[in-house]
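**Student:**
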Ligand code: AMP
Ligand code: GLY
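In our numbering, the protein residues as written are 228 to 650.
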């Protein structure tokens with residue numbers, strides 16, 4: 228089988244790494260990929276938003292299955308286009324990917340189908356938005372409606388901050404058209420978890436539990452990022468929380484999307500806030516989490532290709548997924564300045580030494596290649612991911628890998644996975 232993966236981050240490196248292990252697969256391409264991916268697959272220089280370029284490539288190479296990593300091509304309709312031409316593709320159609328592309332849509336869906344979530348309202352004008360802020364009080368959460376690369380959420384601790392955030396977003400200064408509508412919602416406390424499931428629009432198969440670390444600094448301080456590290460399993464997802472997440476979040480959402488005439492196929496990612504026995508949904512994503520995908524796929528024992536193919540074929544009723552008992556931890560190493568403006572072009576040392584550590588894999592997220600060495604080229608540069616008998620073992624091994632790798636200004640959190648141990 229020939230497989231094409233769309234994307235260029237750590238998530239796509241993990242997908243390619245897992246897919247390439249399948250005995251069903253003879254060749255993996257990645258568009259556009261990255262130099263780490265290039266060591267195990269063939270990169271093709273087509274951008275993720277170049278839908279006609281991707282389609283032409285898949286047709287020319289007789290690709291048997293295309294797997295979409297990021298949200299942008301999904302929300303542009305890459306799945307609709309490929310299916311129109313009779314090509315197999317894993318991912319949500321445009322009218323379903325809206326669950327991530329519009330926060331107003333996903334909040335309204337949750338309300339309509341009784342999916343537990345924070346109380347909210349949607350605004351397009353500053354005046355009524357400020358009235359609502361005054362009604363709810365602070366802290367309060369302000370969200371740009373559209374895609375903002377994980378940065379469109381402001382948790383305002385003062386009224387001034389809240390008013391400035393809505394004014395900025397609604398005037399188009401922050402996030403352009405993505406901010407022309409805002410969702411304002413109640414602040415929820417608790418511990419977050421990433422709950423992912425494969426679905427064919429009817430059947431739902433959960434992945435193992437996972438937890439991300441969104442804030443840039445230790446102890447969940449500093450601004451939010453795309454994710455500074457992740458681990459699996461996440462003990463905050465107890466068996467009873469798992470059951471609630473399946474019934475009240477996943478089942479209602481998948482059925483709700485079907486009832487709306489927007490059948491959801493692909494991987495559905497619910498960001499959950501867990502407070503005791505209470506589960507609420509913060510958001511949905513129409514794709515694998517990044518970096519959650521890295522530890523999840525290291526723990527997946529089953530071949531992923533039949534699973535992805537069954538989703539593309541719209542029937543996962545016979546699919547079963549087995550997981551390794553081991554835990555996995557991914558520590559993201561980021562460039563100086565991230566999540567703000569960051570440095571690029573620094574030479575990365577120690578990758579060969581890290582590659583010698585057993586049960587450890589370094590996924591590339593933002594690297595490029597010059598004269599034989601790898602250099603930094605993105606905010607999140609590497610995802611150093613390790614297996615261990617326990618979360619603690621996996622943490623120790625991942626940080627052993629991190630200690631071997633360096634470049635000027637590299638930074639990473641020192642407490643990835645700590646919440647699991649504290650439990
Ligand atoms: P979202 O993109 O909606 O998941 O928001 C990004 C991050 O902001 C989440 O992972 C949470 O850390 C935080 N967040 C979002 N909504 C809320 C809320 N209602 N209460 C508390 N924190 C929130
Ligand atoms: N790691 C969070 C996300 O992928 O949205």
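Yeah, the Cβ is synthetic: ideal placement off N, Cα and C, and Gly gets one too.
Can you tell me whether residue 250 is buried or exposed, with buried defined as 16 or more other CB within 10 angstroms of its CB?
**Tutor:** One-based indexing of the chain shown puts residue 250 at position 23. Exposed, since its Cβ has fewer than 16 Cβ neighbours within 10 Å.
**Student:** Please confirm whether residue 538 and residue 489 have their CB atoms less than 8 Å apart.
**Tutor:** Reading the chain shown from its first residue, position 311 is the one you call residue 538. Reading the chain shown from its first residue, position 262 is the one you call residue 489. No, they are not a contact pair.
**Student:** From what residue to what residue does the alpha helix (DSSP H) around residue 626 run?
**Tutor:** Along the chain shown, read from residue 1 onward, the residue named residue 626 stands at position 399. Note, residue 626: alpha helix (DSSP H), 618-631.
**Student:** Quick one: what's residue 456 bridged to in DSSP?
**Tutor:** Mapped onto the chain shown, residue 456 falls at position 229. Beta-bridge pairing links residue 456 to 558.
**Student:** Quick one: what's residue 728 bridged to in DSSP?
**Tutor:** Residue 728 lies beyond the stretch modelled for the chain, which goes from 228 to 650, so this question has no answer here.
**Student:** Can you name, in chain order, every residue of its own chain whose Cβ lies under 7 Å from the Cβ of residue 618, other than the five neighbours on each side?
**Tutor:** Taking the chain shown and counting its residues from 1, the one referred to as residue 618 is at position 391. Closer than 7 Å at the Cβ level, and outside the excluded window around residue 618, lie 458, 554, 556, 644, 647 and 648.
**Student:** Assuming contact is defined by CB atoms lying nearer than 8 Å, are residue 476 and residue 425 in contact in what I supplied?
**Tutor:** What you label residue 476 is simply residue 249 of the chain shown in a count that begins at 1. What you label residue 425 is simply residue 198 of the chain shown in a count that begins at 1. No, the pair does not count as a contact, with Cβ atoms beyond the cut-off.
**Student:** In terms of residues, what are the limits of the alpha helix (DSSP H) holding residue 534?
**Tutor:** Along the chain shown, one-based indexing puts residue 534 at 307. Here the alpha helix (DSSP H) through residue 534 covers 532-539.
**Student:** Give the DSSP bridge partners of residue 595, in chain order.
**Tutor:** As a position in the chain shown, residue 595 is number 368, starting the count at 1. For residue 595, which the question treats as bridged, DSSP gives the partners 602.
**Student:** Go ahead and pull the three-state DSSP assignment for residue 502.
**Tutor:** Here residue 502 is taken as the residue at index 275 of the chain shown, counted from 1. Strand at residue 502.
**Student:** Got a sec: does the ligand GTP put a non-hydrogen atom nearer than 7 Å to the Cβ of residue 402?
**Tutor:** Because the ligand GTP does not appear in the structure shown, any question about it cannot be addressed here, the ligands present being the ligand AMP and the ligand GLY.
**Student:** Go ahead and label residue 535 buried or exposed: buried means 16 or more other beta carbons lie within 10 angstroms of its beta carbon, across all protein chains shown.
**Tutor:** Position 308 of the chain shown holds residue 535. Buried is the call here.
**Student:** Comparing C-alpha positions only, which one of 273, 380, 603 and 326 sits nearest to residue 514?
**Tutor:** As a working mapping, residue 514 is identified with position 287 in the chain shown. Nearest C-alpha to residue 514: 326.
**Student:** For residue 587 versus residue 611, is the C-beta spacing smaller than 8 Å?
**Tutor:** Stepping through the chain shown from its first residue, residue 587 is reached at position 360. Stepping through the chain shown from its first residue, residue 611 is reached at position 384. Contact: yes.
**Student:** The ligand AMP heavy atoms versus the CB of residue 322: any closer than 7 Å?
**Tutor:** Within the chain shown, the letter at position 95 stands for residue 322. The answer is no for residue 322.
**Student:** Taking DSSP as the reference, what is the three-state secondary structure of residue 244?
**Tutor:** The residue labelled residue 244 in the question sits at position 17 within the chain shown. DSSP places residue 244 in helix when its eight states are reduced to three.
**Student:** With three or more C-beta pairs closer than 8 Å as the rule, is the stretch 430-442 touching the stretch 540-548?
**Tutor:** The stretch 540-548, when compared against the stretch 430-442, does touch it at the 8 Å Cβ threshold.
**Student:** Assign residue 315 to one of two classes, buried (16 or more other C-beta atoms within 10 Å of its C-beta) or exposed (fewer than that).
**Tutor:** By 1-based counting over the chain shown, the position of residue 315 is 88. Buried is the call here.
**Student:** Return yes when the C-beta of residue 270 is under 7 Å from any heavy atom of the ligand AMP, and no when it is not.
**Tutor:** Looking up residue 270 in the chain shown gives position 43. No.
**Student:** Is it buried or exposed, residue 291, if we count other Cβ atoms within 10 angstroms and call 16 or more buried?
**Tutor:** Taking the chain shown and counting its residues from 1, the one referred to as residue 291 is at position 64. Buried is the call here.
**Student:** Comparing alpha-carbon positions, which option in 624, 349, 439 and 298 lies nearest residue 396?
**Tutor:** Position 169 of the chain shown, counted from the start, is the residue given in the question as residue 396. Comparing Cα-Cα distances from residue 396 to each of 624, 349, 439 and 298, the minimum goes to 349.
**Student:** Ignore the nearest five residues each way along the sequence and tell me which others in residue 471's own chain have a CB closer than 6 Å to its CB.
**Tutor:** Position 244 of the chain shown holds residue 471. 506.
**Student:** Helix, strand or coil for residue 466? Go by DSSP, reduced to three states.
**Tutor:** Along the chain shown, one-based indexing puts residue 466 at 239. In the structure shown, residue 466 sits in a helix (DSSP, three-state: H, G or I).
**Student:** Ignoring anything shorter than 4 residues, give me the alpha helix (DSSP H) runs that lie fully in the stretch 378-415, in order along the chain.
**Tutor:** Counting only runs of 4 or more, we get 386-397.
**Student:** Do you know offhand how far residue 410's Cα is from residue 228's?
**Tutor:** As a working mapping, residue 410 is identified with position 183 in the chain shown. As a working mapping, residue 228 is identified with position 1 in the chain shown. Rounded to whole angstroms, residue 410 to residue 228 spans 44 Å at the Cα level.
**Student:** What residue range is occupied by the uninterrupted beta strand (DSSP E) comprising residue 367?
**Tutor:** As a working mapping, residue 367 is identified with position 140 in the chain shown. Its beta strand (DSSP E) spans residues 367-371.
**Student:** Does residue 440 pass the burial test, meaning 16 or more other C-beta atoms within 10 Å, or should it be called exposed?
**Tutor:** Here the question's residue 440 lines up with position 213 in the chain shown. Residue 440 is buried by the Cβ-count criterion.
**Student:** If you draw a straight line from the alpha carbon of residue 446 to that of residue 455, how long is it in whole angstroms?
**Tutor:** Position 219 of the chain shown holds residue 446. Position 228 of the chain shown holds residue 455. Straight-line Cα distance between these residues: approximately 12 Å.
**Student:** For the beta strand (DSSP E) that residue 322 lies in, which residues bound it at each end?
**Tutor:** As a first step, residue 322 must be located in the chain shown, where it is residue number 95. From DSSP, residue 322 is part of no beta strand (DSSP E) but of the alpha helix (DSSP H) over 321-328.
**Student:** Less than 8 Å between the CB atoms is what I'm expecting for residue 317 and residue 342, so what's the real figure, rounded?
**Tutor:** Along the chain shown, one-based indexing puts residue 317 at 90. Along the chain shown, one-based indexing puts residue 342 at 115. With 8 Å as the limit, residue 317 and residue 342 do not qualify as a contact, their Cβ atoms being about 24 Å apart.
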